[in-house]
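Under this note's numbering, think of the first position of the sequence shown as 715, with each following residue one higher.
Input: a single structure, listed below in structure tokens.
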Amino acid sequence: MKGEKISSDKVKSNVNVVCRVRPLSKQKREISSTDSCVELSPKDNKKLTVCTLNDKHVCERYEFCLDHVFGCESDQETVYKVAAKPIVDSVMEGFNGTLIAYGQTSSGKTYTMQGNLEIAEERGIIPRMMDTIFKTISEASAQTEFTLKASMLEVHNERVYDLLNPSKSALAIREDRCGVFAEGLAEVSIGGECDVCGLIKEGAANRAGAETRMNARSSRSHLIFILTVAANDIETPC
715 MKGEKISSDK VKSNVNVVCR VRPLSKQKRE ISSTDSCVEL SPKDNKKLTV
765 CTLNDKHVCE RYEFCLDHVF GCESDQETVY KVAAKPIVDS VMEGFNGTLI
815 AYGQTSSGKT YTMQGNLEIA EERGIIPRMM DTIFKTISEA SAQTEFTLKA
865 SMLEVHNERV YDLLNPSKSA LAIREDRCGV FAEGLAEVSI GGECDVCGLI
915 KEGAANRAGA ETRMNARSSR SHLIFILTVA ANDIETPC
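Right, here's the structure in full:
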């Protein structure tokens, strides 16, 4: 993960860890009168404190330092610009980039990564990423030709499935000189932002899901969205 800027500071590491604190859900507000167990410093956006009750009902405080902490009021655009856009920019410069959303059920992973595709301000990282990529392509030299391909897979019960070709059985994991890959994983050519939104909806519909006490439609698998960007210089004819 190599980037240009996070706020006004350059990325100082190849790996950055950020935390986004989601608001209390309606269910939590109905069953509990207590405030959030997470405290954020108004003067430092890199620290958070978690308060937990021990066996004696005494609050124990644990402080964590990260590269950035987003509070409950953080919006999708800010999260994208700080946590993801530097990675996307570096991908367009020829580097590999990976962004991992980690958290328990109903913590807001899908909302952060995908968001609401029908409401502009609620779109998540992936659709905003495509905005950045197509903007970069539109500003590139006319002598550069870009090719975009996307894949979606899920890891469920230690098996890998192609979300864009659900009729296939579990895919085999292979490794060659280029690295680890899922054999037979479908790659779909991308011609515009609408293509990506369609793929996200299609892949999400094919995911394994189940109802939990915390989420009426909880994904029971890990999803991986893979975007390959290739740029080739077109020779100028004599």
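Yeah, the Cβ is synthetic: ideal placement off N, Cα and C, and Gly gets one too.
| query | result |
| --- | --- |
| Less than 9 Å separating the beta-carbons of residue 732 and residue 780? | yes |
| At a cut of 8 Å, does the region 867–874 reach the region 799–818 through at least three beta carbon pairs? | no |
| Starting from the Cα of residue 728, find the closest Cα among 856, 765, 804 and 897 and give me that residue. | 804 |
| Using a 10 Å radius around the Cβ and a threshold of 16 neighbouring Cβ atoms, would you call residue 826 buried or exposed? | buried |
| Around the Cβ of residue 776, are there at least 16 other Cβ atoms within 10 angstroms (buried) or fewer (exposed)? | exposed |
| Is it the case that the region 872–889 contacts the region 829–844, given that we only count it when at least three CB pairs across the two stretches are under 8 Å? | no |
| Rounded to the nearest angstrom, how far is the Cβ of residue 802 from that of residue 782, given a contact under 8 Å? | About 16 Å; that fails the 8 Å criterion. |
| Going by DSSP in three states, residue 761 sits in which element: helix, strand or coil? | strand |
| Enumerate in chain order the residues of its own chain whose CB-to-CB distance from residue 930 is below 7 Å, with the five nearest sequence positions on each side excluded. | Since pLDDT at residue 930 reaches only 39, below the 50 mark, its modelled position is unreliable, and the value read off the structure follows with that caveat. The answer is none, since no qualifying residue turns up. |
| Give a yes or no on whether the C-beta atoms belonging to residue 889 and residue 865 are separated by under 9 Å. | no |
| Find out if the Cβ-Cβ distance for the pair residue 790, residue 753 is shorter than 9 Å. | no |
| Whole angstroms are fine: how far does the CA of residue 945 sit from the CA of residue 763? | 44 Å |
| Can you tell me whether residue 780 is helix, strand or coil according to DSSP? | coil |
| Just confirm the distance between the C-beta atoms of residue 914 and residue 862, as a whole number of angstroms; I'd bet it's less than 8 Å. | Not really, about 14 Å apart at Cβ, beyond 8 Å. |
| Considering only the alpha carbon of each residue, which of 939, 898 and 949 lies closest to residue 916? | 939 |
| Starting from the C-beta of residue 899, find all residues in its chain whose C-beta is less than 7 Å away, skip the five residues before and the five after it, and write them out in chain order. | 865, 867, 876 and 885 |
| Drop a sphere of 10 angstroms on the beta-carbon of residue 798, count the other beta-carbons inside from all chains shown, and report buried for 16 or more, exposed for fewer. | buried |
| Can you tell me whether DSSP reads residue 733 as helix, strand or coil? | strand |
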